[in-house]
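So the structure is just underneath, and the comments pick up after that.
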Amino acid sequence: MTDRADFLFELGTEELPPKALSRLSDALTNELLAGLREAGLTFGEHTTYAAPRRMAVLIRDLAHSTLAQAIERKGPAFAAAFDAEGKPSRALEGFAKSCGVAV
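Under my numbering, the residues of the sequence shown are numbered 59 to 161, in order.
Structure below.
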């Protein structure tokens, strides 16, 4: 099974003015590609199609998922993370819970 595939985005519309089709289809393509880039998805070439009642963008080799990312989160300072006896504070427990890990 491959992790890339061609993707067709098609939008049906009311009758659009023929003179505006080029500008509208370019705007649709630019926004769609910007959204894919912002989501971290990679893709190959793209082709735009436009007709008075329909616009479409064919995107070749669209990745099924984003690349793995490492996210670093900083918790409370050591002095705030443990009490005088060395036990985890509520601040540390809350941070650990927000990260989905046990203390």
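All residues carry an ideal CB built from backbone N, CA and C; glycine is no exception. Since the model is a prediction, treat every value here as computed from it, not as a measurement.
With a CB to CB cut of under 7 Å and the five nearest residues on each side skipped, what residues in its chain are close to residue i?
i, result
"L91", "H104"
Report back the beta-carbon spacing between residue i and residue j to the nearest angstrom; my notes put them in contact at under 8 Å.
i, j, result
"S139", "G133", "Note that residue 139 is Ala in the sequence shown, not Ser. Right, the Cβ-Cβ distance comes to about 7 Å (below 8 Å), so this counts as a contact."
Under three-state DSSP, which class holds residue i?
i, result
"R118", "strand"
"G70", "strand"
"P75", "coil"
"A142", "coil"
Just to confirm my understanding: we take residue i, look at its own chain, exclude 5 residues before and 5 after, and list those with CB closer than 6 Å. What are they?
i, result
"G158", "none"
Per DSSP, residue i forms a beta bridge with which residues?
i, result
"T105", "L116"
"P134", "Beta-bridge pairing links P134 to no other residue."
"R95", "Answer by DSSP bridge pairing: none, since R95 is not bridged."
Considering only residues of the same chain and omitting the five flanking positions on each side of residue i, which have a CB-CB separation below 8 Å?
i, result
"T87", "H104, T106 and V115"
Just curious, the alpha helix (DSSP H) that residue i is in, first and last residue?
i, result
"L150", "R148 to C157"
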